[in-house]
Amino acid sequence: MDAIRVAPGIAIDDRAVVERFVRASGPGGQNVNKVATAVELRVDLRQLALAEDVKTRLRKLAGRRMTEADVLVVEAREHRTQAQNREAARARLEDLVRRALRPPRSRRKTRPSAASKERRLQQKQQHAAKKQTRRRPVDGT
């Protein structure tokens with residue numbers, strides 16, 4: 337594998353991805369204690385050929401998976417084999433980058449309809465009336 341294809345014309349070079357295999361917990365019997373099946377992918381964002389706005393969105397999407405050194409860490413440990421976990425981690429990385437490539441939709445300003453304003457005012461009046469009945473009666477003497 338020489339690159340992770342993310343979108344047409346966009347790929348992550350394998351040299352930018354550092355793979356580390358560690359022991360995983362979970363199913364696998366004694367194998368779990370002997371074989372490092374879980375995978376940890378580390379991608380330095382400074383080495384990626386992505387636009388700065390895409391990198392910013394990627395940082396936001398990654399959340400706690402980003403280190404202070406601007407390295408994205410993706411883990412996979414749900415499968416029993418190293419190869420399956422490796423593919424799962426790469427798929428997660430692809431998905432994250434794909435989602436970061438899509439710019440967020442801009443918010444269109446909207447105004448409340450006349451009917452919704454009227455409903456809100458009616459609810460306020462009903463609420464006020466309910467509170468009014470709970471007050472202590474005024475002594476008129």
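Position 6, counted from 1, in the sequence shown is what our numbering calls 342; the numbers after and before it change by one each time, with no gaps. We treat Cβ as the ideally placed atom computed from N, Cα and C, and that holds for glycine.
Local Cβ density within 10 Å of residue i, reported as buried at 16 or more and exposed below that
i: V379; result: buried
i: H415; result: buried
i: T392; result: exposed
i: V433; result: buried
i: R444; result: exposed
i: A465; result: exposed
i: T469; result: exposed
i: R359; result: exposed
i: R351; result: exposed
i: T373; result: buried
i: R422; result: buried
DSSP state of residue i mapped onto helix, strand, coil
i: V410; result: strand
i: A372; result: coil
i: R356; result: strand
i: D475; result: coil
i: R441; result: coil
i: L377; result: strand
i: A447; result: The identity of residue 447 in the sequence shown is Arg, whereas the question assumes Ala. Three-state result, R447: coil.
i: R434; result: helix
i: R341; result: strand
Anticipated Cβ contact below 8 Å, residue i with residue j, distance rounded
i: L377; j: V407; result: L377 to V407, Cβ: 10 Å. No contact.
i: A425; j: V375; result: 5 Å
i: L381; j: R435; result: Contact flag wrong, Cβ pair sits at about 15 Å.
i: R428; j: A412; result: 7 Å
Span separating the alpha-carbon of residue i from that of residue j
i: L457; j: R472; result: 25 Å
i: A419; j: T446; result: 50 Å
i: R395; j: E388; result: 11 Å
i: S442; j: A405; result: 30 Å
i: I348; j: L384; result: 7 Å
i: Q461; j: P448; result: 19 Å
i: V390; j: G399; result: 14 Å
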